[in-house]
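Chemist:
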Amino acid sequence: MAKYLIPALALAASFGAHAAPAKQPAQPKLVLVMAVDGLPQEQVTRYAHQFGQGGFRRLLEQGAWFSNAHQAHGITVTAVGHAAILSGAYPYQHGIIGNNWVNPANGGSMYCTEDANYQYVGNEKTDPHDGTSPANLRVDTLGDQLRYATGQKSKVITVSGKDRGAILLGGKTGTAYMYMEESGNFASSTFYMKEHPQWVQKYQAGKPQERYYGVKWKPLLADSAYAGDYGDAPSLQLSSESGKTDAAYYKRLKESPFLDELTAEFAQAAIEGENLGKNPAGVPDLLAVSFSAHDLANHGYGPESKISHDHLLRLDRMLSNFFSYIDKRIGMDNVLVVLTADHGFANTPEFANEVQKAGVNRIDGKKLVEDLNAHLSSRFGLNKGVSAYSIPNLHLDYAQIENKGLKREEVENAAARFLLSQPGLADVFTRTQMESGAVGGTRIATLMRRAWNRQISGDLMVVAKPHWIFGFPTGKGTTHGSPYAYDTNVPLIVMGKPWVKTGHYGQYAEVVDIAPTLAYLLNVRPPAGAEGRVLTEALK
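Following this note's numbering, the residues of the sequence shown are numbered contiguously, the last one being 553.
1) Rounded to whole angstroms, what's the CA-CA distance from Lys229 to Leu251? Just pull it up for me.
2) Can you give me the C-alpha to C-alpha distance between Asn396 and Lys417, rounded to a whole angstrom?
3) Helix, strand or coil for Ile88? Go by DSSP, reduced to three states.
4) Give me the Cα-Cα distance between Val537 and Glu423, rounded to the nearest whole angstrom.
5) Work out the CA separation of Ala82 and Ala61 for me, nearest whole Å.
6) Is the beta carbon of Asp176 sitting closer than 8 angstroms to the one on Thr126?
7) In whole angstroms, what separates the C-alpha of Ala23 from that of Thr515?
8) Using DSSP with H/G/I as helix, E/B as strand and the rest coil, what is Ala23?
9) May I ask you to report which of helix, strand or coil DSSP gives Trp212?
10) Have a look at Glu448 and Arg462 and give me their C-alpha separation to the nearest angstrom.
11) Under a three-way DSSP split, which group does Met193 fall into?
12) Please go through the same chain and pick out, in chain order, the residues whose beta-carbon is closer than 7 angstroms to the beta-carbon of His95, but skip the five residues on each side of it.
13) So the beta strand (DSSP E) Ile506 belongs to, where does it begin and stop?
14) Would you mind sorting Gly295 into buried or exposed? The rule is 16 or more other CB atoms within 10 Å of its CB.
15) Go to Ile109, then tell me how far its beta strand (DSSP E) extends in each direction, as first and last residue.
16) Spell out the partners DSSP gives Lys229 in its beta bridges.
17) So the alpha helix (DSSP H) Asn386 belongs to, where does it begin and stop?
18) DSSP on Ile482, reduced to helix/strand/coil?
19) Mind checking which residues open and close the alpha helix (DSSP H) that includes Met345?
20) Could you say which of Asn347, Phe393, Ile482, Glu425 lies nearest to Gly290 if we only look at CA atoms?
21) Taking C-alpha atoms, which residue in Ser333, His209, Asn360, Leu534 lies nearest to Asn136?
22) Does the distance from the CB of Lys185 to the CB of Asp157 come in under 8 angstroms?
23) Below 8 angstroms on the Cβ atoms is my contact criterion, and I expect Ala280 with Val373 to pass it. Report the Cβ-Cβ distance as a whole number of Å.
24) Beta-carbon separation of Gly545 and Glu523 under 8 angstroms?
25) Note the first and the last residue of the continuous alpha helix (DSSP H) segment covering Gly76.
26) Can you name the residues that DSSP bridges to Ile554?
27) Flag this pair as yes or no: are the beta carbons of Asn130 and Met123 separated by less than 8 angstroms?
28) With burial defined as no fewer than 16 other Cβ atoms inside 10 Å of the residue's Cβ, what is the status of Ala543: buried or exposed?
29) Contact defined as beta carbons within less than 8 angstroms: I believe Tyr43 pairs with Ile320. What is the distance between those atoms, to the nearest angstrom?
30) What is the rounded straight-line gap between the Cα of Lys489 and the Cα of Arg375?
31) Measuring only the C-alpha atoms, how far is Gly394 from Asp143?
32) Ignoring anything shorter than 4 residues or poking outside the stretch 502-544, list the alpha helix (DSSP H) runs there in chain order.
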């Protein structure tokens, strides 16, 4: 009979596994994953002394904090970063190569989560490029694996101020809710359901978004607390020209810190409405929340600004209230918490030049392409050799190149040499280099290779010099998207007393490590495209 032991038992017997195994902690009742859109790690460190007890400080003191964690791909934008968090995959696999990219089928623009087959639920307006489904996400996520492992009994709910923030965290089988700019509601799409459940209808009927009309965003602390910050203090009046709550007001609301308050409030409604953390099947649930407003503050004024500083302090207080609610509802010792970000941020060029003496500027992508097309016309007789572009990806007209009897590699190399002679550009990678693997062994090359998908990425991929940024030619604001540390280095904090060893960890980590680590703790398969490692040094 011994030879018929199932393999696991036979293996255990062969190693003398008669000793009682160490007792494992119970699985979490709820996994809470939070992404703060556009939060550089350096801001967490810089303002830590001003955090209250219950928000970021609680995470830093009671969690495992990896301060050298990175979104380890070369195009650091919202969609790409959110896709990485719970898939554990890089863009070359997960297929989300930007917020937008060139559709190879027709040369038009493709939005990361657009799907014309679905619309927002209810009377919400759905524009052609609005995000309504995860169809463009080519891999599964932790939530998909959790639902598979539990026979679809685990609930996976995602909430965000941006459609891409919710949809890409939710994977294929979760349920996403996102903020509607036209109405101020949170709504889902017909990909997930035909009509909203009762708890959503009840939440919408209460119109919580109306209470901010006429409210002014002003500094949370005394002026001395913002000493050394750049620019003016926040001063935003939430109103509209019509004198009533309308689409203009709801859009302004999205650009204020109160969007995050609404997001947390809707997440709490989801916890109660779906009974998250109290699953009758005794299995874990997953709630992923993406707070979108910090990204908008940093875009408008830079991470060095008083406005960004104050916004983060408000987010800290909001997190404290959110955790207090979960403490009472579920008990934080039953909850495994992760906080990270989709990308960091570059300083505004004005600050970089005035304070840091960086000597940088903005790059006009449209003019760059126009100048390149003029060069390719002069050199090869090509009419718009760059047929389409979505920075940093440029697409060459290969059909025209072949019709003229030209070699693709020759045109690519000529284009790359021209681009490298332009102000602000550090590197250019070509399709031939990418396909042949001849991209070099530098970290920048590695990150850009991970960001390049063979089927949909461009034929040229450009990289700006450090602190130079594409866009914003009017001389205001800043952006992200580069492979440099200020854009890749983001917070990564895991908190959960039964499972996590508290501490500040200096080891290098990546956001793609989150999904394998959570899969390990949940005892489920990691997502199919996951390439990260389990953060064992921080686990009990």
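The beta-carbon is built from N, C-alpha and C at its ideal position, and this holds for glycine as well.
Modeler: Working from what's here:
1) Along the sequence shown, one-based indexing puts residue 229 at 216. Along the sequence shown, one-based indexing puts residue 251 at 238. In a straight line, the C-alpha of Lys229 is about 6 angstroms away from that of Leu251.
2) Looking up residue 396 in the sequence shown gives position 383. Looking up residue 417 in the sequence shown gives position 404. Cα to Cα, Asn396 sits roughly 11 angstroms from Lys417.
3) Taking the first residue of the sequence shown as position 1, residue 88 is located at position 75. Ile88 falls in the coil class under three-state DSSP.
4) Looking up residue 537 in the sequence shown gives position 524. Looking up residue 423 in the sequence shown gives position 410. Their Cα atoms are separated by approximately 49 angstroms.
5) Within the sequence shown, residue 61 is the residue found at index 48, counting from 1. Within the sequence shown, residue 82 is the residue found at index 69, counting from 1. C-alpha separation (whole angstroms): 17 angstroms.
6) On the sequence shown, position 163 is the one that residue 176 refers to. On the sequence shown, position 113 is the one that residue 126 refers to. For Asp176 and Thr126, yes; Cβs fall inside 8 angstroms.
7) Counting from one through the sequence shown, the residue named residue 23 turns up at place 10. Counting from one through the sequence shown, the residue named residue 515 turns up at place 502. Unreliable positioning characterises Ala23 in this predicted model, as indicated by a pLDDT of 40, which lies under 50. A coordinate reading is not provided.
8) The sequence position of residue 23 within the sequence shown is 10, counting from 1. Since pLDDT at Ala23 reaches only 40, below the 50 mark, its modelled position is unreliable, and no value is offered.
9) On the sequence shown, residue 212 is found 199 positions in, with the first residue counted as 1. In the structure shown, Trp212 sits in a helix (DSSP, three-state: H, G or I).
10) Here residue 448 is taken as the residue at index 435 of the sequence shown, counted from 1. Here residue 462 is taken as the residue at index 449 of the sequence shown, counted from 1. Roughly 10 angstroms between the two C-alpha positions.
11) Within the sequence shown, residue 193 is the residue found at index 180, counting from 1. DSSP places Met193 in coil when its eight states are reduced to three.
12) Indexing the sequence shown from 1 puts residue 95 at position 82. Correct list, in chain order: Ala48, Arg177, Gly178, Leu181, Leu182, Ser303, Asp355.
13) Locating residue 506 in the sequence shown gives position 493, where the first residue counts as 1. Element bounds for Ile506: 505-508.
14) The residue you call residue 295 lines up with position 282 of the sequence shown. With fewer than 16 Cβ atoms within 10 Å of its Cβ, Gly295 is classed as exposed.
15) For the purposes of this step, residue 109 is taken as residue 96 along the sequence shown, with counting starting at 1. Run containing Ile109: none; DSSP gives neither H nor E here.
16) Within the sequence shown, residue 229 is the residue found at index 216, counting from 1. Bridge partners of Lys229: Gln250.
17) Start at 1 with the first residue of the sequence shown, and residue 386 comes out as number 373. Asn386 -> alpha helix (DSSP H) spans 378-393.
18) Here residue 482 corresponds to residue number 469 of the sequence shown, with the count starting at 1. Strand, per DSSP.
19) Locating residue 345 in the sequence shown gives position 332, where the first residue counts as 1. Note, Met345: premise wrong, no alpha helix (DSSP H); not H, not E.
20) Reading the sequence shown from its first residue, position 277 is the one you call residue 290. Checked all of Asn347, Phe393, Ile482, Glu425; the closest Cα to Gly290 is Asn347.
21) If you number the sequence shown from 1, residue 136 lands on position 123. The shortest C-alpha separation from Asn136 is found at His209.
22) Locating residue 185 in the sequence shown gives position 172, where the first residue counts as 1. Locating residue 157 in the sequence shown gives position 144, where the first residue counts as 1. Cβ distance < 8 angstroms, so Lys185 and Asp157 count as in contact.
23) As a working mapping, residue 280 is identified with position 267 in the sequence shown. As a working mapping, residue 373 is identified with position 360 in the sequence shown. About 38 angstroms; that fails the 8 angstroms criterion.
24) The residue you call residue 545 lines up with position 532 of the sequence shown. The residue you call residue 523 lines up with position 510 of the sequence shown. For Gly545 and Glu523, yes; Cβs fall inside 8 angstroms.
25) As a first step, residue 76 is located in the sequence shown; it is residue number 63 there, counting from the start. It is not in any alpha helix (DSSP H) - Gly76 instead sits in the beta strand (DSSP E) that spans 76-79.
26) Absent from the model: residue 554. The displayed extent of the chain is 14 to 553, so no value can be given.
27) The residue labelled residue 130 in the question sits at position 117 within the sequence shown. The residue labelled residue 123 in the question sits at position 110 within the sequence shown. Contact flag unset, no.
28) The residue given as residue 543 occupies position 530 in the sequence shown. Burial call: buried.
29) Taking the sequence shown and counting its residues from 1, the one referred to as residue 43 is at position 30. Taking the sequence shown and counting its residues from 1, the one referred to as residue 320 is at position 307. Note that residue 43 is Leu in the sequence shown, not Tyr. 33 angstroms between Cβ atoms; not a contact.
30) Taking the first residue of the sequence shown as position 1, residue 489 is located at position 476. Taking the first residue of the sequence shown as position 1, residue 375 is located at position 362. Looking at the two C-alpha atoms, the distance is approximately 10 angstroms.
31) The residue labelled residue 394 in the question sits at position 381 within the sequence shown. The residue labelled residue 143 in the question sits at position 130 within the sequence shown. In a straight line, the C-alpha of Gly394 is about 38 angstroms away from that of Asp143.
32) 527-535
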